[in-house]
Each structure stands twice: as C-alpha cells, then as structure tokens.
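Here's the structure we're looking at; comments come further down.
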Amino acid sequence: MSELVYRSMTLPDIEQVYEIECSCFSQPWSVESLIGEVIRNDAASYVVAEDNGKIVGYAGMWQMFDEAHMTNIAVAAEYRCRGIATNLILCLMQTAKKNGGKRMTLEVREFNHKAQRVYSALGFRYAGTRRKYYSDTGENALILWNDSIDNTLRAHAGGSGSESV
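Counting with the numbering used here, you get residues 37 to 201 for the letters of the sequence shown.
And the structure:
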C-alpha cells in the first residue's frame, strides 16, 4: 500500500464509493442518494481515501452552523485496521472547522464495538440512545458527541497523511 491520499469526493468517485457502501452495509445508500449528496446538498461534505487511484474508504457529514453530523463512513474490508477511518474523520473535522464547526455528532450501532473504539479515541462520548434506529435489525443506535473538534484536531495533529481536502 502506497501513501494514501485523502481528498474531497467527486462525481467520478461515486461508482467505487457505492461498491464499498454495498460491501459494508445491509441497507446501502443508493447511487442517486450519493450523487445528491455530492452535487445538490450544500450542507454535505464527503471525503475519500485513495490508494493509487482506487477509492478504499469514504466518509460524509452534514454541517449546520457550528455542528457537524457524520452521516456515513466505510472502509473496504482489505484496508481496515490501518487508521483510515480515523483519518477520514479527522479530514471531516478539518472541513467542519474551516466552516465554523465546533462540535460533531454521529450514530453508531449499539453492538459495533470496533467503531465505538475508533470514535472514543477521537473524543466522542455517549449522549443518548435512539431505540430501534436501524430498520434492518431493529438495533439501537448510540448517539455520540465530540464537543471540541478543535481539541481533537490538536491532539491528532499531522495524523491524516497527504490530503487535499
């Protein structure tokens, strides 16, 4: 694996992003939804991790004023456990901060302990539960908040490799 590039998602990335989406989720976002996020949703920001032209992960958020809501994140199976998810989130945080963001929230499946560890290491803390949030399994979602994007970025300065977001 060469050094990954982290950059803003573009329309030509959608096909590869959709492949990752389908491989990671039982109810993937549609191609149309992903296209809409990139070209029509002014509140949305998406980043990709790229390895020699191959998209290996992506993450997205919506930002309203000083709050960012991470909507989705996925990393191709063969690229997991290499810090890519962490770096994608840090890229989103950098983008949020540039746009006045101070806090970030997300939902995570109650039993997705691996993701919860990543989020915890980035300063996210439990804030509540959305009961039966996931329609495919009826699983609860944990609501997590990071109340200081700035502190997290300072603590992880230089962590996201080469990026152009």
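Ideal Cβ positions, reconstructed from N, Cα and C, are used throughout, including at glycine.
- In the structure shown, His149 falls within a helical segment according to DSSP collapsed to helix, strand and coil.
- Closest in C-alpha terms to Asn88, from the list Ala110, Tyr82 and Val41, comes Val41.
- Around the beta-carbon of Glu51, fewer than 16 other beta-carbon atoms lie within 10 Å, marking it exposed.
- With contacts defined by Cβ atoms closer than 8 angstroms, Asp102 and Gly137 form a contacting pair.
- Under a 10 Å Cβ-count criterion, Gln99 is classified as buried, with 16 or more other Cβ atoms of the shown protein chains found around its own Cβ.
- Secondary structure of Glu175 (DSSP, three-state): coil.
- Bounds of any alpha helix (DSSP H) do not take in Lys90; it lies within the beta strand (DSSP E) bounded by Lys90 to Met100.
- Thr46 sits in coil when the DSSP states are folded into three classes, being neither helix nor strand.
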